[in-house]
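Following: one structure in structure tokens, then a few remarks.
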Amino acid sequence: MVNNLHKKYRPLFQIPENWIYFDGNSLGPLQKTIIKKVSNMISNEWGEQIIKGWNKSNWMTQPDSVGNIIAKLIGADKNSVTVGDTLAIKLFQAISGALQVSKKTGFVLSDESNFPSDLYIANSYLKEKNLSEVKLVNKTKIEDELQKGKISILMLTQVDYRTGELYDLKKINNIAKKMGVITVWDFAHSIGALPLNVREDGVDFAVGCTYKYLCGGPGSPAFIYVNPKYIDKINPIIAGWLGHENPFNFDLNYKPARDIKRFRIGTPPVIQMSALEEALKIWDNVDINLIRKEAQLLTSLFIDNINDLKFDMKLISPRHSDQRGSQVAYVTKNAYEKMQALIDFGVIGDYREPNIMRFGFNPLYNSEEDIIKAIEILNKILKDNLWKNKKYSKRKLVT
Ligand SMILES: Cc1ncc(COP(=O)(O)O)c(C=O)c1O
Numbered sequence: 344m345v346n347n348l349h350k351k352y353r354p355l356f357q358i359p360e361n362w363i364y365f366d367g368n369s370l371g372p373l374q375k376t377i378i379k380k381v382s383n384m385i386s387n388e389w390g391e392q393i394i395k396g397w398n399k400s401n402w403m404t405q406p407d408s409v410g411n412i413i414a415k416l417i418g419a420d421k422n423s424v425t426v427g428d429t430l431a432i433k434l435f436q437a438i439s440g441a442l443q444v445s446k447k448t449g450f451v452l453s454d455e456s457n458f459p460s461d462l463y464i465a466n467s468y469l470k471e472k473n474l475s476e477v478k479l480v481n482k483t484k485i486e487d488e489l490q491k492g493k494i495s496i497l498m499l500t501q502v503d504y505r506t507g508e509l510y511d512l513k514k515i516n517n518i519a520k521k522m523g524v525i526t527v528w529d530f531a532h533s534i535g536a537l538p539l540n541v542r543e544d545g546v547d548f549a550v551g552c553t554y555k556y557l558c559g560g561p562g563s564p565a566f567i568y569v570n571p572k573y574i575d576k577i578n579p580i581i582a583g584w585l586g587h588e589n590p591f592n593f594d595l596n597y598k599p600a601r602d603i604k605r606f607r608i609g610t611p612p613v614i615q616m617s618a619l620e621e622a623l624k625i626w627d628n629v630d631i632n633l634i635r636k637e638a639q640l641l642t643s644l645f646i647d648n649i650n651d652l653k654f655d656m657k658l659i660s661p662r663h664s665d666q667r668g669s670q671v672a673y674v675t676k677n678a679y680e681k682m683q684a685l686i687d688f689g690v691i692g693d694y695r696e697p698n699i700m701r702f703g704f705n706p707l708y709n710s711e712e713d714i715i716k717a718i719e720i721l722n723k724i725l726k727d728n729l730w731k732n733k734k735y736s737k738r739k740l741v742t
């Protein structure tokens, strides 16, 4: 049934023994080779080369070379992706760029369950420009709204951060294109989990983070894809020196680089970049189509098993695996306490408002056995009311 990719790949990861890790949709685990790579970078590059590292160890070109590795994962042309900063900043660049290349006036459209940060960022920029706030509709209304013709930009997160619900990117992007709407996709929960092809699907802008399914480490840099037809048409709103055509000319006038480098801003996070570069090596061998297929089986198995046990937990993820990403979520009373108890017993998922227990799956290290064991533990926690222990109700800063 399940392909058992984990047999080959799980040993490459450092996951504490007795943990069942279902939170790779929030932060992917460490690949063991990263320890050596980063340690070498620190000792032999930073330690031995200090300033020379920028040239000798190619630190300065990493945002673009790592960008080209990411480009392959999203089906983008070479030199159309750069890496750096956080997803929030890359989204800001995408929205401000989209407004510049849009030929239409009209709303920025999004859905009311989008990740709040994306909406905060877009609205802060729209407010500064004296434009109307993002128009928010239910996911089911996106296609209708696009066809009404009052939309200039469509900004969506492909996989819902809570429910895992998946947009049919090809279909929606096509409607947007027909209506002359510029598209901005957030791939935070897509990259490393789903086959993506921005070139074939005609995506205009895409952004994403690298610490979830790409396992680049906490705070690893984000990426931006800009459709090559727009790259030299956009005047970067955050015009940093490393986006300049020739940063080391130190011109007083900003002249953006002619290529994707214009979406760079400042000094890249070299240590994080080296961890990410190492983390990405796994994709030389892994077929994303297999990952997707197996993740569908794993999430279905999880849902079916929970269903059989008739817990007081309501599935809020789509029932059909074609319609969800690699995560599953349930609404239940005292979800926070139940999740804390699960974590205490070694099943690591997370909690999201309101009353949502969220479980992420990555076939690189999750298995059928993980699911069976986790559900046994969940059963015990619920049947014996173990979650009622007071220690599980104390709210932590990160949930
Ligand atoms: C869908 C989505 N968009 C944006 C973000 C924000 O990312 P960052 O904090 O790296 O800027 C996240 C973070 O988890 C996310 O899940």
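Per this note's numbering, residue 344 is the first one in the sequence shown, and the count goes up by one each step.
In this text, a Cβ means the ideal position worked out from N, Cα and C, and glycines have one as well.
Tell me, please, whether the CB atom of residue 576 is closer than 7 angstroms to any CB atom in chain C? Looking for chain C here will not work: only one protein chain is present.
Do residue 399 and residue 392 have their CB atoms nearer than 7 angstroms? yes
Check whether the stretch 432–449 and the stretch 507–526 touch, using three or more Cβ-Cβ pairs below 8 angstroms as the test. yes
DSSP three-state call for residue 501: helix, strand or coil? coil
Please state whether DSSP places residue 360 in a helix, a strand or coil. Residue 360 falls in the coil class under three-state DSSP.
Report buried or exposed for residue 569, applying the criterion of at least 16 other Cβ atoms within 10 angstroms of its Cβ. buried
Boundaries (first-last residue) of the beta strand (DSSP E) holding residue 670: 670–674
Residue 603 - containing alpha helix (DSSP H), residue span: Note, residue 603: premise wrong, no alpha helix (DSSP H); not H, not E.
What residues match up with residue 703 in a beta bridge as DSSP calls it? Answer by DSSP bridge pairing, in chain order: 670.
Would you say residue 500 touches ligand 1, meaning its beta carbon is less than 6 angstroms from a heavy atom? yes
Just curious, the beta strand (DSSP E) that residue 567 is in, first and last residue? 566–569
Which stretch, first to last residue, makes up the beta strand (DSSP E) that contains residue 425? 424–426
Under 7 angstroms Cβ to Cβ from residue 358, same chain only, skipping five residues before and after it: list those, please. 364, 372 and 708
DSSP puts residue 695 in a beta bridge; with which residues? 699
Count the other C-beta atoms from every protein chain shown that fall within 10 angstroms of the C-beta of residue 394, then say buried if there are 16 or more, exposed otherwise. Classification of residue 394: exposed, given that the 10 Å Cβ count is below 16.
If you follow the alpha helix (DSSP H) that residue 713 is part of, which residue opens it and which one closes it? Looking at the DSSP string, the run of the alpha helix (DSSP H) that includes residue 713 is 711–726.
Compute the Euclidean distance between the alpha carbons of residue 743 and residue 548, then round it to the nearest angstrom. Absent from the model: residue 743. The displayed extent of the chain is 344 to 742, so no value can be given.
Run through the DSSP bridge pairs and tell me what residue 587 is partnered with. 599
Using the rule of at least 16 other Cβ atoms within 10 Å of the residue's Cβ for burial, across every protein chain shown, is residue 433 buried or exposed? buried
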